[in-house]
Amino acid sequence: MLTAEGCRARRQRFLDRLPPSHPVVLADPLHLRYFANFYVDAISSSADFGGLLVINSDGHATLYHDAKLPGGVAKAHADAVEKLPWYTGQEPELAPRRLVLRPALEANGGRVHDSIADPIGPQVIKLVSELRRAKDPDEVELLKTCMKASDAGHAWGLANIKPGITELAAYAGVAAAAYASLGQFTTVYGDFTVSPGSKKRGGPPTPHVLEAGELFILDYSVIVQGYRSDFTNTICVGGQPTADQQRLMDLSLAAIAAGAKELKAGVTCQHVYDAMRAVFAAAGMAEFFTTHGGHGLGISHPEPPFIVRHSTETLIAGDVVTLEPGLYVDGIGGLRIEHNYLVTEQGAEQLSNHRIALS
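Take the sequence shown: its letters are residues 36 to 394, numbered as in my numbering.
Quick look at the structure:
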């Protein structure tokens with residue numbers, strides 16, 4: 036999990052770069068995760084409700100939130116926490132729930148500084164986005180927790196995705212394996228579907244019954260305290276890929292290796308993308324590489340930097356990125372693979388450890 040020390044250091048870096056405007060009041064759920072480890076799980080009945088984080092010029096932070104939020108918000112890190120009453124379950128609501136934070140806001144200047152309507156809102160949002168690029172050690176450890184659970188789900192998929200089960204059943208099995216690895220229920224989302232080629236490159240699970248020879252794209256994220264993994268394998272249902280399907284996999288494996296070799300602080304994202312595309316181009320298959328080549332990971336999905344055909348960004352130490360080359364060929368099928376990496380000054384550390392194979 037994120038640590039109190041890590042959250043405090045991130046808040047101080049934020050204050051150091053923000054022109055005087057104190058106290059600073061933040062309400063964006065992404066910002067409250069980043070600066071205070073405050074997260075309301077999407078599967079909670081309170082998922083639509085958050086809090087306010089007030090950061091004073093001396094770095095002291097106070098978190099205000101609805102007293103009826105789920106117990107997970109107790110993991111938040113702030114110097115002070117004030118729980119505001121709304122509904123006890125014994126009498127009617129004390130006020131409309133959307134207004135429970137209003138008194139705290141008025142007591143701290145009446146402005147939400149990371150609102151796009153606030154005069155400094157765009158500046159604050161851009162600054163936090165820049166700060167979030169380089170991950171702190173506690174963030175990397177939390178991402179590794181997400182990835183370990185995702186590894187477990189991928190292992191289940193290779194062993195159990197077979198002809199006769201539905202895409203929905205495949206999703207349920209993968210998710211259950213991730214829950215077991217984490218020891219808790221959480222949000223698991225992504226692509227759990229067959230790709231016949233260019234017409235469908237992903238999507239949520241459906242009642243479709245899997246048939247031998249189909250290519251099943253397993254590309255998903257596990258969310259822990261608002262942070263998430265994101266990596267992929269493609270499985271040949273029935274375990275007997277054709278020569279053409281195996282060629283797609285072999286080319287994609289070569290492409291991801293070529294991209295990973297170029298990952299290093301100071302290298303442009305365009306260069307990394309070009310390294311992957313060059314593998315496909317040499318085989319006369321570049322026209323079938325129609326998705327992005329990768330992106331940043333953290334508390335939203337996707338996020339900078341973007342490894343794309345017309346990228347303008349440069350990798351920095353601390354970036355956590357995906358590489359996800361793939362090919363989508365009608366009559367053969369669609370295939371995509373993906374790993375996650377921590378970019379360093381010397382190169383990159385691969386963080387995901389699932390086995391990439393058609394069977």
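No residue lacks a Cβ here, since even glycine has one placed at the ideal position from N, Cα and C.
(message) Report the CB separation of residue 87 from residue 44 in whole angstroms; it is logged as a contact under 8 angstroms.
(response) Numbered from its first residue, the sequence shown carries residue 87 at position 52. Numbered from its first residue, the sequence shown carries residue 44 at position 9. At roughly 21 angstroms, the Cβ-Cβ gap does not stay under 8 angstroms, so residue 87 and residue 44 are not in contact.
(message) Just to confirm my understanding: we take residue 97, look at its own chain, exclude 5 residues before and 5 after, and list those with CB closer than 7 angstroms. What are they?
(response) Along the sequence shown, one-based indexing puts residue 97 at 62. The answer, listed in chain order, is 89, 113, 114, 115, 117.
(request) Pick helix, strand or coil for residue 346, following the three-state DSSP scheme. (result) Counting from one through the sequence shown, the residue named residue 346 turns up at place 311. Here residue 346 sits in coil by DSSP.
(message) On the DSSP bridge list, what partners appear for residue 118?
(response) Counted from its first residue, the sequence shown places residue 118 at position 83. Answer by DSSP bridge pairing, in chain order: 100.
(message) For residue 321 and residue 104, I'd like the C-alpha separation in whole angstroms.
(response) Taking the sequence shown and counting its residues from 1, one reaches residue 321 at position 286. Taking the sequence shown and counting its residues from 1, one reaches residue 104 at position 69. One C-alpha to the other measures close to 49 angstroms.
(message) What does the Cβ neighbour count give for residue 209, buried or exposed, with the cut at 16 atoms within 10 Å?
(response) Looking up residue 209 in the sequence shown gives position 174. The residue in question, residue 209, is buried, as its Cβ has 16 or more Cβ neighbours within 10 Å.
(request) Starting from the Cα of residue 132, find the closest Cα among 100, 106, 151 and give me that residue. (result) Against the sequence shown, residue 132 aligns to sequence position 97. Comparing Cα-Cα distances from residue 132 to each of 100, 106, 151, the minimum goes to 100.
(request) Out of 206, 60, 178, point me to the one whose CA is closest to residue 191's CA. (result) Stepping through the sequence shown from its first residue, residue 191 is reached at position 156. That would be 206, whose Cα lies nearest to the Cα of residue 191.
(message) DSSP has residue 110 in a bridge; who is on the other side?
(response) Taking the first residue of the sequence shown as position 1, residue 110 is located at position 75. Answer by DSSP bridge pairing: none, since residue 110 is not bridged.
(message) Does the structure place the region 288-304 close enough to the region 216-230 that three or more beta carbon pairs sit under 8 angstroms?
(response) Fewer than three Cβ pairs drawn from the region 216-230 and the region 288-304 lie within less than 8 angstroms of each other, which leaves the two stretches out of contact.
(message) Under DSSP, the alpha helix (DSSP H) around residue 180 begins and ends at which residues?
(response) Walking along the sequence shown from the start, residue 180 turns up at place 145. From DSSP, the alpha helix (DSSP H) with residue 180 extends over 172-195.
(request) Report buried or exposed for residue 111, applying the criterion of at least 16 other Cβ atoms within 10 angstroms of its Cβ. (result) Walking along the sequence shown from the start, residue 111 turns up at place 76. Around the beta-carbon of residue 111, 16 or more other beta-carbon atoms lie within 10 Å, marking it buried.
(message) Do residue 376 and residue 358 have their beta-carbon atoms positioned less than 9 angstroms apart in this structure?
(response) Translated into the one-based positions of the sequence shown, residue 358 becomes position 323. Translated into the one-based positions of the sequence shown, residue 376 becomes position 341. Contact flag set, yes.
(message) So residue 259 and residue 180 are supposed to be a Cβ contact under 8 angstroms. How far apart are they, rounded?
(response) Locating residue 259 in the sequence shown gives position 224, counting from the first residue. Locating residue 180 in the sequence shown gives position 145, counting from the first residue. Their Cβ separation, rounded to whole angstroms, is 5 angstroms, which keeps residue 259 and residue 180 in contact under 8 angstroms.
(message) Taking 7 angstroms as the limit between beta carbons, can you name the residues of its chain near residue 198, skipping five residues before and five after?
(response) Your numbering for residue 198 matches position 163 in the sequence shown. Scanning its chain for C-beta atoms nearer than 7 angstroms, with the 5 sequence neighbours on each side dropped, one finds around residue 198 the residues 245, 246, 247, 272, 273, in chain order.
(message) With three or more C-beta pairs closer than 8 angstroms as the rule, is the region 143-153 touching the region 328-346?
(response) With contact defined as three or more Cβ pairs closer than 8 angstroms, the region 328-346 and the region 143-153 are not in contact.
(message) Here's the rule I'm using: 16 or more other beta-carbon atoms within 10 Å means buried, otherwise exposed. How should residue 170 be labelled?
(response) As a first step, residue 170 must be located in the sequence shown, where it is residue number 135. Under this definition residue 170 is a buried residue.
(request) Determine the direct distance from the alpha carbon of residue 356 to that of residue 299, and round the result to whole angstroms. (result) For this step, residue 299 is matched to residue 264 along the sequence shown. For this step, residue 356 is matched to residue 321 along the sequence shown. Their backbone Cα atoms lie some 11 angstroms apart in a straight line.
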